[in-house]
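Asker:
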Amino acid sequence: MAAKLLEPIPPGEILYEDFMKPMGVSINGLAREIAVPPNRISDIVNGKRSITADTALRLGKYFGVSPELWLNLQVDYDLRVAKRTTWLKAEPRVRVHAD
51 MAAKLLEPIP PGEILYEDFM KPMGVSINGL AREIAVPPNR ISDIVNGKRS ITADTALRLG
111 KYFGVSPELW LNLQVDYDLR VAKRTTWLKA EPRVRVHAD
């Protein structure tokens, strides 16, 4: 029986569930505090936008964590999604470089 892979967790879900919700911070409130348009936060929370370096710096400062946390969450998510989608077709065509 093949092991079922867990769905990758979007970083926006972590932002909302682990940071915003427990602290009682709304999308508009967070956007105001970190000086970005509310649609940026809304799109991140709803999985429609990636966390950029600029946003990671702002979130890091506001929540008292490193900006690398946010970027690492984004990169990990992107890799997991790619491994389940585009990489499945591409991997057989990619050769290992031999010296």
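Per this note's numbering: the sequence shown = residues 51 to 149. A virtual CB, placed ideally from N, CA and C, is assigned to each residue, including glycine.
#1: For Ala148, does the count of other Cβ atoms within 10 angstroms reach 16, so buried, or fall short, so exposed?
#2: When burial is assigned at 16 or more other CB atoms within 10 Å of the CB, is Val146 buried or exposed?
#3: Since Val95 and Gly62 are thought to touch, with beta carbons under 8 Å apart, how far apart are those beta carbons, to the nearest angstrom?
#4: Assuming Gly130 and Pro60 are in contact, meaning their beta carbons sit under 8 Å apart, how far apart are those beta carbons, in whole angstroms?
#5: Helix, strand or coil: which one does DSSP assign to Asp149?
Answerer: Well, looking at it:
#1: Ala148 should be labelled exposed.
#2: Exposed.
#3: Right, their Cβ atoms sit about 4 Å apart.
#4: One point to set straight first is that residue 130 is Arg, not Gly, in the sequence displayed. Wrong, their Cβ atoms sit about 10 Å apart, outside the cutoff.
#5: In this structure, Asp149 counts as coil in the three-state DSSP scheme.
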